[in-house]
Amino acid sequence: MPTKRTLVPVLVWFASLLSAQQYEFRVYGQADGLGNLSIFSVWQCRTGYIWAGTANGLFRYDGQRFVRFGEEDGLPGVTVLALTEDNQGVLWVGTRTGLARSSGDAFEAVAVEAGGKHISGLAAAGDRLYAATNLGLVERSPDGHFRDIQPARADGRGRAWGVHASPQGVVWWGCGKAVCRLDDGQVEVFGEDRGLPADGWGALLTDGAGRLWVRASQRMAVLEPGAPRFEDAGKDLPESLQVLRVNLDRRGRLWVPTDRGLAQRVNGRWEILGKQHGLPGDAARVALEDRDGSLWVGMAGAGLARWRGYGEWESFTENQGLPSDRVWAFARDTSGRFWAGTDSGLAWLDGQVWRAFRGMPECRIASLAAAADGALWIGCNPGGVQVLRPGAARTVAFGPSAGIRDDRVLSIRTDEEGAIWVATITELYRGDGTRFTKVLSGARALAAAQDGVLWAGGSSGLWRISGGQITQVAEGLRAETISSLAADRTGTLWIGYREPAGLSRLRWESGRVRIRHLSIANRRRDVSLIS
Numbered sequence: 009m010p011t012k013r014t015l016v017p018v019l020v021w022f023a024s025l026l027s028a029q030q031y032e033f034r035v036y037g038q039a040d041g042l043g044n045l046s047i048f049s050v051w052q053c054r055t056g057y058i059w060a061g062t063a064n065g066l067f068r069y070d071g072q073r074f075v076r077f078g079e080e081d082g083l084p085g086v087t088v089l090a091l092t093e094d095n096q097g098v099l100w101v102g103t104r105t106g107l108a109r110s111s112g113d114a115f116e117a118v119a120v121e122a123g124g125k126h127i128s129g130l131a132a133a134g135d136r137l138y139a140a141t142n143l144g145l146v147e148r149s150p151d152g153h154f155r156d157i158q159p160a161r162a163d164g165r166g167r168a169w170g171v172h173a174s175p176q177g178v179v180w181w182g183c184g185k186a187v188c189r190l191d192d193g194q195v196e197v198f199g200e201d202r203g204l205p206a207d208g209w210g211a212l213l214t215d216g217a218g219r220l221w222v223r224a225s226q227r228m229a230v231l232e233p234g235a236p237r238f239e240d241a242g243k244d245l246p247e248s249l250q251v252l253r254v255n256l257d258r259r260g261r262l263w264v265p266t267d268r269g270l271a272q273r274v275n276g277r278w279e280i281l282g283k284q285h286g287l288p289g290d291a292a293r294v295a296l297e298d299r300d301g302s303l304w305v306g307m308a309g310a311g312l313a314r315w316r317g318y319g320e321w322e323s324f325t326e327n328q329g330l331p332s333d334r335v336w337a338f339a340r341d342t343s344g345r346f347w348a349g350t351d352s353g354l355a356w357l358d359g360q361v362w363r364a365f366r367g368m369p370e371c372r373i374a375s376l377a378a379a380a381d382g383a384l385w386i387g388c389n390p391g392g393v394q395v396l397r398p399g400a401a402r403t404v405a406f407g408p409s410a411g412i413r414d415d416r417v418l419s420i421r422t423d424e425e426g427a428i429w430v431a432t433i434t435e436l437y438r439g440d441g442t443r444f445t446k447v448l449s450g451a452r453a454l455a456a457a458q459d460g461v462l463w464a465g466g467s468s469g470l471w472r473i474s475g476g477q478i479t480q481v482a483e484g485l486r487a488e489t490i491s492s493l494a495a496d497r498t499g500t501l502w503i504g505y506r507e508p509a510g511l512s513r514l515r516w517e518s519g520r521v522r523i524r525h526l527s528i529a530n531r532r533r534d535v536s537l538i539s
C-alpha cells in the first residue's frame with residue numbers, strides 16, 4: 009500500500025498551540041469501514057495491505073477504506089487474536105474458535121489435529137507454522153500435519169500464551185507458567201530457576217542485539233545473549249491485562265502496549281506515550297511499523313491510530329540538555345557542529361545530548377548564521393550581535409561602537425562575499441566582521457539565495473539586494489508586513505506574513521517578479537507564519 013508524503017519547509021504557528029510532546033495521529037474507525045474498534049492484532053502482508061484483527065471480524069485496509077471478513081468469508085470465528093504470514097505468502101488467522109488461512113479473496117478454516125481451538129499466537133519459522141493454543145503449542149509441517157509440542161517439566165505444560173520465532177529460527181513460547189525454547193528439535197524450559205517468576209508469558213520478541221524480551225500482564229523480563237538467567241525489566245512499566253504484545257520498529261526501538269498507553273524503552277527506562285500525547289485512548293494493545301515508516305497502534309475500544317511523521321521527527325527538550333524548550337534558531341558550522349539558539353542561550357548537539365555553551369551572556373537567541381570562515385554569528389533579542397570565532401571559548405560582542413545601534417536582533421545572514429547582514433526591529437545593517445553600516449529601515453526577515461541575492465522583508469514589504477543595488481518589491485504581496493523568508497535551492501523565495509495571510513512563492517525572472525499564493529489546507533484564519 010504505497011503512500012505519498014510531502015514535507016513543507018515552514019513552521020506554522022496556530023492560535024492554540026499543541027504541547028511540545030503532542031504528536032499527530034490519524035485515527036481510523038467506523039467512518040473508514042473499521043466496524044469494530046477493539047483491536048487485538050495488526051499485520052502488513054507482503055502485498056502491502058494492513059490487516060486488523062478485532063473483537064468482531066478481520067479488516068483489510070487498502071489505503072482508502074477497511075473491508076470486513078467474517079464467518080461468511082470462511083473464518084472459524086470473529087474474534088481475531090493473532091495474524092502471521094508464512095514463506096509462501098499465505099496469511100494465517102488465529103481466532104478464539106479456530107485457525108484459518110487465506111485462499112484467494114476469502115479464507116478457509118484449518119482443522120488443528122493437536123492442541124486446542126483458542127489460538128492466541130502465531131509464528132512462522134522456515135516452512136513451519138507454530139500456533140499457541142489453550143492446550144499448548146502445535147507445529148504445522150509443510151505437508152499440513154500438526155503435532156503437539158509439550159515440554160517434559162510440569163511448569164512448562166498446559167496453555168501456550170504466545171509464540172515467537174527468532175531471526176535464527178529458534179522458537180520461543182509462553183508455556184504454562186514458564187517460557188520454553190525449541191531449538192534443533194530440543195525443548196528447554198526457563199522457569200523460576202532461570203530468573204522467571206511463575207506467570208503467563210504471552211508476548212515474546214528478539215531484538216536486533218539478540219536480547220529476548222518476554223511480557224506477562226504485570227511483568228517484563230529480558231534474557232541477554234548468552235546469559236543463563238532472565239533479568240527483571242518491568243520497573244515502572246504499566247500493566248496490560250487483556251492483550252500481551254511486544255513490538256519492534258525498523259530502527260530497533262522497543263514498544264510495549266499497556267493499559268496506560270504505548271511504552272518505549274529509552275536508556276534503560278520506560279517512557280509512556282498516552283492520550284495526552286495524541287493517542288485516541290490510553291489502553292494500547294498492539295503496534296506495527298509498516299514499510300512506509302508509519303507506526304500503527306491498535307487500541308482497546310478506540311480504533312486503529314496511525315502516527316503521522318513517525319521516525320521522521322525526533323524531539324529534544326531541556327531533558328536532553330537544551331537551555332530552554334523554546335528554540336528559535338539553528339545553524340551548522342563549517343566543522344559540522346550543530347547549534348541551537350533558545351530562549352536561554354546557545355547549545356550544541358553532542359550525539360543525542362545537547363551541551364549548553366557558557367561562553368556568552370545569557371540571552372534569547374533569535375537567529376544564527378554560520379560563516380564560511382568558521383565563525384558563528386549570533387543574534388540576541390535583546391542583547392545584540394555576538395560572534396564565536398573558531399577555537400574561541402567566548403564570544404565577542406558588537407554594539408553601538410561597531411555601528412549597531414539597536415540590540416533587538418531578529419535575523420542574521422551571511423552572503424557569498426563574506427558580508428554579515430543583521431536585521432533588527434528598526435534597521436538593516438551590513439558588516440565586514442569588524443564594523444557595520446546601516447543599509448535601510450524596516451527590514452526584519454532575511455534570506456540569502458544561492459545566486460548571491462539577499463532578500464529582506466519587514467514592515468514595509470520586500471527588498472531585493474544584489475550587487476549593491478536595492479530593489480523594493482511592492483506589487484503582488486498578500487500583506488504589507490513580512491515576518492519570515494526562506495530561499496530554496498531552485499531560487500524560489502518563500503514568504504510568510506505577520507497577518508494570517510498564508511504563504512507566497514516568488515520567482516525573479518529576467519527582472520520580473522512572479523508571485524503565486526498558496527492556501528493553507530485547513531483554511532484557518534488564525535494561522536501566521538513565523539519561520
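Letter 62 of the sequence shown, counting from 1, is numbered 70 in this note's numbering, and no numbers are missing. Just so you know, even glycine gets a beta-carbon here, dropped at the ideal spot from N, CA and C.
Candidates the options: closest to residue i by CA position
i: GLY144; options: ARG299, PRO150, PRO288 and PHE154; result: PHE154
i: SER491; options: THR500, THR432 and ASP341; result: THR432
i: THR325; options: TRP356, PRO390, GLY309 and ALA339; result: TRP356
i: SER512; options: ALA39, GLY475, VAL230 and LEU470; result: LEU470
i: CYS188; options: GLY399, ASP151 and VAL146; result: VAL146
i: ILE81; options: ARG73, ALA108, ASN44 and ILE58; result: Per the sequence presented here, residue 81 reads as Asp, with Ile not at that position. For ASP81, the nearest C-alpha among the options comes from ALA108.
i: GLY41; options: PRO236, ALA427, ARG73 and GLY218; result: ARG73
i: ASN142; options: SER149, GLY124, HIS172 and LEU130; result: GLY124
i: ARG363; options: ARG397, LEU462 and ASN327; result: ASN327
i: GLY152; options: ALA308, THR350 and VAL120; result: VAL120
i: SER468; options: THR479, GLY460, GLY85 and ASP459; result: THR479
i: ALA224; options: ALA131, GLU279, ALA494 and GLY184; result: GLY184
i: ASP267; options: ARG258, LEU281, LEU256 and VAL274; result: LEU281
i: TRP169; options: PRO159, SER149, ASP156 and ALA139; result: ALA139
i: ALA313; options: GLY269, PHE198, ALA401 and ALA494; result: GLY269
i: PHE444; options: GLN458, PRO408 and LEU462; result: PRO408
i: ILE412; options: ALA400, SER449 and LYS243; result: SER449
i: GLU370; options: PHE346, GLY359 and THR403; result: THR403
i: ASP459; options: ARG316, GLY344, LEU501 and ALA482; result: LEU501
i: TRP315; options: ALA308, GLU297 and SER332; result: GLU297
i: VAL195; options: LEU204, TRP221, HIS172 and ALA160; result: ALA160
i: LEU89; options: GLY112, SER110, ARG76 and ALA63; result: ALA63
i: GLY359; options: TRP347, ASP333 and ALA292; result: TRP347
i: ASP333; options: ALA339, LEU354, ARG340 and SER343; result: LEU354
i: GLY193; options: GLN158, ALA162 and TRP221; result: GLN158
i: THR342; options: LEU384, GLY61 and GLY129; result: LEU384
i: HIS126; options: ALA114, ARG104, GLY484 and HIS525; result: ARG104
Paired residues, beta bridge with residue i - DSSP
i: ARG421; result: TRP429
i: GLN477; result: SER474
i: PHE198; result: VAL187
i: SER449; result: GLU435
i: GLU517; result: ARG520
i: GLU488; result: According to DSSP, which records beta bridges pairwise, GLU488 is partnered with nothing at all.
i: GLU326; result: DSSP, once it has assigned bridges, lists no residue as partnering GLU326.
i: GLU93; result: LEU99
Contacting residues, own chain, Cβ-Cβ under 6 Å from residue i (five flanking each side not counted)
i: SER174; result: THR214
i: GLY439; result: ILE428
i: ARG416; result: ASN389, PRO390, THR432 and ILE433
i: ALA7; result: Because the chain here runs from 9 to 539, residue 7 falls outside it and cannot be looked at.
i: GLY475; result: none
i: ARG43; result: A quick correction: the sequence has Gly, not Arg, at residue 43. These residues qualify, in order along the chain: ARG76.
i: ALA456; result: ARG421, ASP423 and LEU462
i: PHE67; result: LEU42, ALA60, PHE74 and ARG76
i: VAL197; result: PRO159, ARG161, GLY164, ALA186 and CYS188
Neighbourhood of residue i by C-beta distance below 8 Å, restricted to the same chain and skipping five residues each side
i: LEU418; result: ALA374, SER375, GLY387, ASN389, ALA431, THR432, ILE433, ARG452 and ALA453
i: ARG219; result: VAL230, LEU231, GLU232 and PRO233
i: ARG497; result: GLN458
i: ARG340; result: PHE346, TRP347 and ALA378
i: ASN275; result: none
i: GLN406; result: Per the sequence shown, the amino acid found at residue 406 is Phe instead of Gln. Closer than 8 Å at Cβ, skipping near neighbours: GLY392, VAL393, GLN394, VAL395, ILE412, GLY439 and PHE444.
Same chain only: Cβ atoms within 7 Å of residue i, ignoring 5 sequence neighbours per side
i: GLY216; result: GLY260
i: ASP135; result: ASN95 and PRO150
i: ARG345; result: TRP356
i: GLY317; result: GLU32
i: ALA122; result: VAL146, PHE154, ARG155 and ASP156
i: ARG13; result: Bear in mind that a pLDDT of 35 at ARG13, under 50, signals an unreliable position, so the number given afterwards is only what the model happens to contain. Within the same chain, ARG13 has no close Cβ partners at all.
Query raised in the report: Any contact of the region 368-380 with the region 418-430, i.e. 3+ C-beta pairs under 8 Å?
Result: yes
Query raised in the report: On the three-pair Cβ rule with 8 Å, is the region 52-64 touching the region 286-293?
Result: no
**Report entry** Residue ranges of each beta strand (DSSP E) within the region 359-428, 3 or longer
**Finding:** 361-364, 373-378, 384-388, 392-396, 404-406 and 417-422
Query - Touching by the beta-carbon criterion (3+ pairs, under 8 Å), the region 196-211 and the region 242-255 - result: yes
Query raised in the report: Curious, which full-length beta strand (DSSP E) runs of at least 3 residues does the region 113-186 contain?
Result: 114-118, 127-133, 136-141, 144-148, 154-157, 168-173 and 179-183
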